[in-house]
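Asks: Residue numbers (this note's numbering): -2 to 264. Even glycine gets a Cβ: it sits at the ideal position worked out from N, Cα and C.
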Ligand SMILES: C[S@@+](CC[C@H](N)C(=O)[O-])C[C@H]1O[C@@H](n2cnc3c(N)ncnc32)[C@H](O)[C@@H]1O
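1. Nearest to residue 180 by alpha carbon, out of 152, 156, 217?
2. If I follow the unbroken beta strand (DSSP E) through residue 227, where does it start and stop?
3. My parser needs the beta strand (DSSP E) runs of 3 or more residues fully inside the region 87 to 169; what are they?
4. Alpha carbon to alpha carbon, how far is residue 48 from residue 29?
5. May I ask whether a heavy atom of ligand 1 can be found less than 8 Å away from the beta carbon of residue 273?
6. Residue range of the beta strand (DSSP E) that residue 71 falls in?
7. Run the CB neighbour count on residue 76, radius 10 Å, all protein chains shown included, and call it buried at 16 or more, exposed below.
8. For residue 131, is the beta carbon positioned less than 8 Å from some heavy atom of ligand 1?
9. Just how far apart, CA to CA, sit residue 101 and residue 66?
10. Flag residue 107 as yes when its Cβ comes closer than 8 Å to any non-hydrogen atom of ligand 1, and as no otherwise.
11. From what residue to what residue does the beta strand (DSSP E) around residue 174 run?
12. Does the distance between the C-beta of residue 80 and the nearest non-hydrogen atom of ligand 1 fall short of 8 Å?
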């Protein structure tokens, strides 16, 4: 049996109503569609020699990975927006210097938690575009946000307004005009993973682990009107390697934001 990077099927209960959708999705992704036929997950993985199964369920799209299930959820975004509303602030928002009406290009969208917070702040008069290289992660977010509803209408709208693009950050940056976004943001997979982050566990199997390159930073500085921001672990050597001299973040946090201001940049 051929080995597959991932296959597409339905949940066991959703086969009758979701079969066609799963088939269409497999075609879109250039992946193999497998009719579920009530096959247990371990048997499916063994038969098709794969660790990852993309599932079309009645609730949306999920990826069953060797580290658990990955699906669209707000993660910390809801708590962060509530804290912001209480006046507690948010380190990413401060690092970006975000205000209503601004535009943000998130080059590493992931499950879009940061993009949701950014979208909440910039509001309907602003713009958040998220680029994600992993087709599965992009799919989970683009379908997840379309179906998303929560009690907080402002948050629901913020989620829906994010423009989710599948592609490589550098290629996307190269195609953008000078100064076309106020802020360009990178949150790559950390070079030294923070293993206590349980929310990222299943995601690790389906993400791309590209490091930010000096060319990406150069392009980002061209595309940004005000600044480029990068999230990494506090002691990461990536900040120095890429030329982020200014840092912000919580005193006791393991995470920091490197900030490169346009006015200080000499290329
Ligand atoms: C740490 S996650 C981002 C998490 C995100 N900030 C959030 O709040 O959910 C990094 C993401 O960047 C994606 N990625 C890695 N290299 C990329 C590239 N060259 N272009 C676009 N996305 C990339 C990964 O697939 C992964 O989903």
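Replies: Well, looking at it:
1. 217
2. 221 to 230
3. 100 to 103, 124 to 129, 160 to 163
4. 14 Å
5. Given a span of -2 to 264 for the chain in the structure shown, any question on residue 273 remains unanswerable.
6. Where residue 71 is concerned, there is no enclosing beta strand (DSSP E), given that its DSSP letter is neither H nor E.
7. exposed
8. yes
9. 29 Å
10. yes
11. Neither: residue 174 is in no beta strand (DSSP E) and is coded neither H nor E.
12. no
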